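Report on the following structure.
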Amino acid sequence: LLVTPLVQLSEPGAAAAYLAGGSSTLPVNVLNWLEWAESCLRPSSMLGGDVLASALQHLEAAVSSGELDPVKLTLSEVFVFAGLLPLALRNQLPPLLAAFSAAVATAEAVKNAAATVEAALPLTPAADPANAISVALAAFDEDAATYRASRPRLPIPGRRNILITSALPYVNNVPHLGNIIGCVLSADCYARYCRARGHNCIYMCGTDEYGTATETKALEEGLTCQQICDKYHAIHAEIYRWFDIAFDRFGRTPTRAQTAIAQGIFKSLHDNGQLVQQEMQQLYSEAADKFLADRFVYGTCPKCGYDDARGDQCDGCGNLLNPTELINPRCKLTGTTPVLRSTRHVFLDLPQLSAALQDYITSTSTQGGWSANCVQLTNAWMRDGLKLRCITRDLKWGTPVPLEGYEDKVFYVWFDAPIGYVSITAGYTPDWEAWWMNPQDVELVQFMGKDNVPFHTVIFPATQIGTGQPWTMMKCISVTEYLNYEGGKFSKSRGTGVFGNQAQETGIPVEVWRYYLLANRPEQADTDFKWSDLAAKNNSELLANLGNFVNRALMFVAKFFDGVVPGATEAGLAEAEELGKIVGPKVKEYISTLERIKLKEGLRLVMSISADGNKFLQDTKPWVAVKEDKSKCATLVATSVGLVRLLAALMSPYMPSLSAKILTQLALPLESSIAITDELVAGSYRPQTLILAGHRIGTPGPLISQIADEQVEVLRARFGGSQAADEAAVAAASTSKPDAAAAAGGKRKAAAAAATGDTKAATDKKNPSGGQVDDAPIDVSRLDVRVGRILKAWRHPDADSLYVEEVDVGEEKPRQVVSGLVRFIPSAEELAGRRVVLLCNLKPAAMRGVQSQAMVLAATSPDGAKLELLEPPEGAPVGERVTWPGYGAEGRQPDEVLNPKKKIFETVQPDLSTDAECVATYKGAPFITSAGPIKVVSIVGAIIK
Numbered sequence: 001l002l003v004t005p006l007v008q009l010s011e012p013g014a015a016a017a018y019l020a021g022g023s024s025t026l027p028v029n030v031l032n033w034l035e036w037a038e039s040c041l042r043p044s045s046m047l048g049g050d051v052l053a054s055a056l057q058h059l060e061a062a063v064s065s066g067e068l069d070p071v072k073l074t075l076s077e078v079f080v081f082a083g084l085l086p087l088a089l090r091n092q093l094p095p096l097l098a099a100f101s102a103a104v105a106t107a108e109a110v111k112n113a114a115a116t117v118e119a120a121l122p123l124t125p126a127a128d129p130a131n132a133i134s135v136a137l138a139a140f141d142e143d144a145a146t147y148r149a150s151r152p153r154l155p156i157p158g159r160r161n162i163l164i165t166s167a168l169p170y171v172n173n174v175p176h177l178g179n180i181i182g183c184v185l186s187a188d189c190y191a192r193y194c195r196a197r198g199h200n201c202i203y204m205c206g207t208d209e210y211g212t213a214t215e216t217k218a219l220e221e222g223l224t225c226q227q228i229c230d231k232y233h234a235i236h237a238e239i240y241r242w243f244d245i246a247f248d249r250f251g252r253t254p255t256r257a258q259t260a261i262a263q264g265i266f267k268s269l270h271d272n273g274q275l276v277q278q279e280m281q282q283l284y285s286e287a288a289d290k291f292l293a294d295r296f297v298y299g300t301c302p303k304c305g306y307d308d309a310r311g312d313q314c315d316g317c318g319n320l321l322n323p324t325e326l327i328n329p330r331c332k333l334t335g336t337t338p339v340l341r342s343t344r345h346v347f348l349d350l351p352q353l354s355a356a357l358q359d360y361i362t363s364t365s366t367q368g369g370w371s372a373n374c375v376q377l378t379n380a381w382m383r384d385g386l387k388l389r390c391i392t393r394d395l396k397w398g399t400p401v402p403l404e405g406y407e408d409k410v411f412y413v414w415f416d417a418p419i420g421y422v423s424i425t426a427g428y429t430p431d432w433e434a435w436w437m438n439p440q441d442v443e444l445v446q447f448m449g450k451d452n453v454p455f456h457t458v459i460f461p462a463t464q465i466g467t468g469q470p471w472t473m474m475k476c477i478s479v480t481e482y483l484n485y486e487g488g489k490f491s492k493s494r495g496t497g498v499f500g501n502q503a504q505e506t507g508i509p510v511e512v513w514r515y516y517l518l519a520n521r522p523e524q525a526d527t528d529f530k531w532s533d534l535a536a537k538n539n540s541e542l543l544a545n546l547g548n549f550v551n552r553a554l555m556f557v558a559k560f561f562d563g564v565v566p567g568a569t570e571a572g573l574a575e576a577e578e579l580g581k582i583v584g585p586k587v588k589e590y591i592s593t594l595e596r597i598k599l600k601e602g603l604r605l606v607m608s609i610s611a612d613g614n615k616f617l618q619d620t621k622p623w624v625a626v627k628e629d630k631s632k633c634a635t636l637v638a639t640s641v642g643l644v645r646l647l648a649a650l651m652s653p654y655m656p657s658l659s660a661k662i663l664t665q666l667a668l669p670l671e672s673s674i675a676i677t678d679e680l681v682a683g684s685y686r687p688q689t690l691i692l693a694g695h696r697i698g699t700p701g702p703l704i705s706q707i708a709d710e711q712v713e714v715l716r717a718r719f720g721g722s723q724a725a726d727e728a729a730v731a732a733a734s735t736s737k738p739d740a741a742a743a744a745g746g747k748r749k750a751a752a753a754a755a756t757g758d759t760k761a762a763t764d765k766k767n768p769s770g771g772q773v774d775d776a777p778i779d780v781s782r783l784d785v786r787v788g789r790i791l792k793a794w795r796h797p798d799a800d801s802l803y804v805e806e807v808d809v810g811e812e813k814p815r816q817v818v819s820g821l822v823r824f825i826p827s828a829e830e831l832a833g834r835r836v837v838l839l840c841n842l843k844p845a846a847m848r849g850v851q852s853q854a855m856v857l858a859a860t861s862p863d864g865a866k867l868e869l870l871e872p873p874e875g876a877p878v879g880e881r882v883t884w885p886g887y888g889a890e891g892r893q894p895d896e897v898l899n900p901k902k903k904i905f906e907t908v909q910p911d912l913s914t915d916a917e918c919v920a921t922y923k924g925a926p927f928i929t930s931a932g933p934i935k936v937v938s939i940v941g942a943i944i945k
């Protein structure tokens, strides 16, 4: 409300009081409600969480008792309505208060007063009715952000206080998908879960802006270091905003707080005798007239021979290096060969701190449940023996070293960077020590990629121990391996891979990106981003499972009960409670899993509960019950819509935007509905009780859109595809015959085949050695089925139901196969040495991040309860190709690779079965080897696949 050109009232209560003639003219009871709305309701609506829930409960009591009554409208009701307005506009009010707000808004006196005000006073510049709501909400959000920043959370004695950090991204680049899942997205998911569970937590992150990397980037772009930092900090912040990363603070390292805290830590180490000054030989560029920091030197790695290793670390083998170790070192600034000169630096005395550090690692890694990869990396450092660690550098861009004689040096970035967590917290609250000097009340949980582990488990803890101060030290650490891209690495220079600022440009919603990255999170081994896998997860999991269930459940409410949630009755109660017996334990497992930071498994449980909902609908058929027994239908629908409400809460840490869309369709308030309370967990055993009978939902609608094959191809081409295939295409184009070169240049399938040495697959499809042509008759002769032997088998690192097997199929190298056999063959040892039958010409595919190059054929009983592997006769040699009498008699060879678009195996498979003698057959023709037919042990009439 513009009162004058210089006075604008954006707080609704203040605007209402102004229009009422000022607070001094108000009766005492009205004044009390105005003061409560200003001092309690308004702030709590900005903070959310428990404080908002408490304020809304107070209002519900006042409305229920009649103390606030929209029928007997006074200024008290108007002031409260004004305070509730932002929540009402977002459908975030409980039903009683939503009805209260609607009644006040539509009261004749309020409409008349609004018309009078509109005619008499200038409104805000964007008062166009089409924009009024969005402008009002934007103003509220801005006020709320400012208010929250002024009221940071502090640890609360007796509560779980969790300090969450994610590795500070370097400010010299644009983060790609691997960077995003490796730190900020994983930490955000956990932080959202902690908030939903009512834990008192804060999530701190920011850009790491000091060091050689920044100076190098500034030189490349012709900017100052400050300009580079400003540019890339803004890019990072915008990318994380689009990915719905909810930091409590996203800060920066070049601050006064960083300087004060880092220098304070240095002085404590110095005073405690934990630092050593030594002369050292360092590479010096005579051409540039300066000592060269690690990253200003590159050369050949002495350990693996990689010829473009940096002076601090080799990207080829991952080993940490000193610049003087490089073979044939060169100056990055001038390209000249540097010389060795003597210079003086400060070292952290890690050997002196080793015993205390080992005690910390031993106890905390067990208590905090450190992942196996983290423990392995840390123990390797400790086992090899700690050495003095240089913590100063000859640079200008960094935190100055507060020691005489070191005026031209700064702290080494990996001494300085972890302190950034502390200084960014100091930017969040001046009482930062309440979080960082409070080990008895605060848990520190950190997220990062595996390359950052030693700095967080060895160097920074040693630094903290060396100060002798009561630091909050890391308890839990969640470490990821690498996310690769279509079989290769992300490369900005080659345009390969999706970078954070490009994800939005694809048109794929943020919830799909978050789902895919978290479902494919490389927790125990490297995983691979594939466009086909992204589309498959979107279409078969988000759309066909989750989106389908939510839409069906809500449509039943709208169609059968006029949009009002029915009350459960005795009819159908048995089915509802049976569902609760399935879902309730999974919700408890979800809580346990997320507490242990097993994010992938938590998401799997969410989707499993959604699948339970779909099965419930299929089994109980509400669309039939509505015609035969409306009361039973009411229970079934109440149960399914209650499960939707449960899913909205459980998925919120993973896909907050999708959760918000579902809650909008449910017409439930966001803040309270995403809380994963003990009451919600208990209610999961009785899902029919999770939404009150009589609640009117919003308008159901589609939540997820399908990603078409054509869109996948366009995106894969746009973002570079497989580097191996790209390189193979170039090689094929320069060495193959003209027609093969054209195929290699134009078709990724041929290029990929060339990359693996499969020259047959790289040749033209009309070449007889290239296998069957696509337009041949579709029958079993197009399948390349062979006798094989499993050499070894182990559990899939990211899927409990899958094995990974190494199988000899008579080729030069064994094939890797992923099979869903765990349910029927509980021990991997039972598979080793077994002779099996495999389909060998399926297109290789990633199954939960591990490539599978064939398929073990098995026979399943019609009810799915029993499975037996197809067994070749003893005399059949490994690698022998299986035949079928009457098929392939014309000498046709199997396809080299089955074309997925032709769905050849899908067409043939329904005719694969076992006969009365347990012989595997295709349309009655037996699977034949030179030693006789292939059989199973006991299943007659089995389905083979």
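Under this note's numbering, think of the first position of the sequence shown as 1, with each following residue one higher.
Glycine residues also receive a C-beta, built at the ideal position from the N, C-alpha and C atoms.
Computed from a predicted structure; not experimentally measured.
{"Asked": "For H58, does the count of other Cβ atoms within 10 angstroms reach 16, so buried, or fall short, so exposed?", "Found": "exposed"}
{"Asked": "Does DSSP classify V442 as helix, strand or coil?", "Found": "strand"}
{"Asked": "Check whether the segment 253-262 and the segment 409-421 are in contact - that is, three or more C-beta pairs closer than 8 Å.", "Found": "yes"}
{"Asked": "DSSP on K951, reduced to helix/strand/coil?", "Found": "Since the first residue of the chain shown is 1 and the last is 945, residue 951 is not available in this structure."}
{"Asked": "Identify every run of the beta strand (DSSP E) within the segment 324-389, keeping only runs that are complete inside it and at least 3 residues long; order them along the chain.", "Found": "327-331 and 339-348"}
{"Asked": "Would you decide whether N112 is buried or exposed? Buried here means 16 or more other CB atoms lie within 10 Å of its CB.", "Found": "exposed"}
{"Asked": "May I ask which residues mark the beginning and end of the alpha helix (DSSP H) holding V681?", "Found": "D678 to G683"}
{"Asked": "Counting Cβ pairs closer than 8 Å, one from the segment 214-230 and one from the segment 258-275, do we hit at least three?", "Found": "no"}
{"Asked": "On the DSSP bridge list, what partners appear for N200?", "Found": "N161"}
{"Asked": "Please state whether DSSP places H270 in a helix, a strand or coil.", "Found": "helix"}
{"Asked": "Can you confirm whether the segment 501-521 touches the segment 651-668 when touching is taken to mean that 3 or more C-beta pairs between the two stretches lie within less than 8 Å?", "Found": "yes"}
{"Asked": "Roughly how many angstroms lie between the CA atoms of A102 and S166, to the nearest whole one?", "Found": "43 Å"}
{"Asked": "Mind checking whether L388 and P351 have CB atoms under 9 Å apart?", "Found": "yes"}
{"Asked": "Express the C-alpha separation of Y240 and N172 in angstroms, rounding to a whole number.", "Found": "16 Å"}
{"Asked": "Bridge partners for T921 per DSSP, in chain order?", "Found": "S913 and P926"}
{"Asked": "Across which residues does DSSP place V787 in a beta bridge pair?", "Found": "V837"}
{"Asked": "Would you grab the beta carbon distance between L89 and V80 for me? Rounded to a whole angstrom, and I think it's under 8 Å.", "Found": "Actually they do not touch by this definition, with Cβ atoms about 15 Å apart."}
{"Asked": "Nearest to Y412 by alpha carbon, out of N91, N200, Y685 and C390?", "Found": "C390"}
{"Asked": "May I have the straight-line CA-CA distance separating A372 from G449, to the nearest angstrom?", "Found": "13 Å"}
{"Asked": "Between the C-alpha atoms of A187 and P152, what's the straight-line distance to the nearest angstrom?", "Found": "19 Å"}
{"Asked": "For V624, which of P862, A380 and V637 has the nearest alpha-carbon?", "Found": "V637"}
{"Asked": "What's the gap between the Cα of L692 and the Cα of S478?", "Found": "39 Å"}
{"Asked": "What is the DSSP secondary structure of D895, counted as helix, strand or coil?", "Found": "coil"}
{"Asked": "Let's test the definition: count the other Cβ atoms within 10 Å of the Cβ of T362 and tell me whether it reaches 16, buried, or not, exposed.", "Found": "exposed"}
{"Asked": "Taking 8 Å as the limit between beta carbons, can you name the residues of its chain near T425, skipping five residues before and five after?", "Found": "L163, I202, M204, R249, W432, W435 and W436"}
{"Asked": "Should R848 and L802 be called a contact, given that it needs their Cβ atoms to be closer than 9 Å?", "Found": "yes"}
{"Asked": "Can you tell me which of H796, N379 and K475 puts its alpha carbon nearest to the alpha carbon of E523?", "Found": "H796"}
{"Asked": "Does DSSP put G66 in a helix, in a strand, or in coil?", "Found": "coil"}
{"Asked": "What is the DSSP secondary structure of A525, reduced to helix, strand or coil?", "Found": "coil"}
{"Asked": "So does the segment 560-569 actually touch the segment 602-617, counting three or more Cβ pairs closer than 8 Å?", "Found": "no"}
{"Asked": "Any idea if V937 is buried or exposed, counting beta-carbon neighbours within 10 angstroms, 16 or more meaning buried?", "Found": "exposed"}
{"Asked": "Rounded to whole angstroms, what is the Cα-Cα separation between E77 and V28?", "Found": "14 Å"}
{"Asked": "Do F243 and V498 have their C-beta atoms within less than 9 Å of each other?", "Found": "no"}
{"Asked": "According to the neighbour-count rule (16 or more other Cβ atoms, all chains shown, within 10 Å of its Cβ), is A535 buried or exposed?", "Found": "buried"}
{"Asked": "Alpha carbon to alpha carbon, what distance is there between A257 and Y147?", "Found": "22 Å"}
{"Asked": "Relative to the C-alpha of S285, which residue among Q278, A293 and G468 is closest?", "Found": "A293"}
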